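Here is the structure we will look at, set down as structure tokens.
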Amino acid sequence: QDYCMLLGGVTAARPIKTADTSSQQAALEISLPYQQFANIAGAYVCEQMSSLRGLSESQIQERLITGLADLMGVTADDDPDAVQVGVGKHPDNPQQTVVQIRLEPPGRIVPGGLHIEFGFVV
949 QDYCMLLGGV
959 TAARPIKTAD
969 TSSQQAALEI
979 SLPYQQFANI
989 AGAYVCEQMS
999 SLRGLSESQI
1009 QERLITGLAD
1019 LMGVTADDDP
1029 DAVQVGVGKH
1039 PDNPQQTVVQ
1049 IRLEPPGRIV
1059 PGGLHIEFGF
1069 VV
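According to the working numbering, the sequence shown holds residues 949 to 1070 in order.
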């Protein structure tokens, strides 16, 4: 069997430095580990969206925290800030629920301490 392991690298993207993003953060955001994790986490979140309809705010929060923590291989005891999920009623449409997710993957997954944010309406 053949095995391949990529420990680093950059993707075909140009770092975008903003007032909120330092040069180092911008460079890390185009790193292969960051891009791979963002892709996996984004796919997981999109896959969960349809199953969240009809659940209570606390059920949505619990399901996403548990699933994303499992995805990253962390527990709340390891790092309580690794997965943060905010759920609330949409301010303009009370029939909809707004979900905001902030992930801070451990350095073994994404070096550099970057975070990833997702937001969507259920």
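Quick reminder that beta carbons are idealized off the backbone N, C-alpha and C, glycines included.
Since the structure is predicted, the reported quantities are computational estimates derived from the model, not experimental observations.
Beta-carbon gap between residue i and residue j smaller than 7 angstroms
{"i": "G1055", "j": "L976", "result": "no"}
{"i": "F985", "j": "I1049", "result": "no"}
{"i": "T1045", "j": "V1070", "result": "yes"}
{"i": "M1020", "j": "P1053", "result": "yes"}
{"i": "A974", "j": "P963", "result": "yes"}
Cβ separation of residue i and residue j, assumed to be a contact under 8 angstroms, to the nearest whole Å
{"i": "L1051", "j": "L1016", "result": "6 angstroms"}
{"i": "I1008", "j": "V1035", "result": "5 angstroms"}
Run of the beta strand (DSSP E) containing residue i, from where it starts to where it stops
{"i": "G1036", "result": "V1031 to K1037"}
Backbone secondary structure at residue i - three-state DSSP
{"i": "Q984", "result": "helix"}
{"i": "G1061", "result": "coil"}
{"i": "G990", "result": "helix"}
Enclosing alpha helix (DSSP H) for residue i [first to last residue]
{"i": "Q1048", "result": "Element bounds for Q1048: not the alpha helix (DSSP H) but the beta strand (DSSP E), T1045 to L1051."}
{"i": "G1015", "result": "E1005 to M1020"}
{"i": "Q973", "result": "S971 to E977"}
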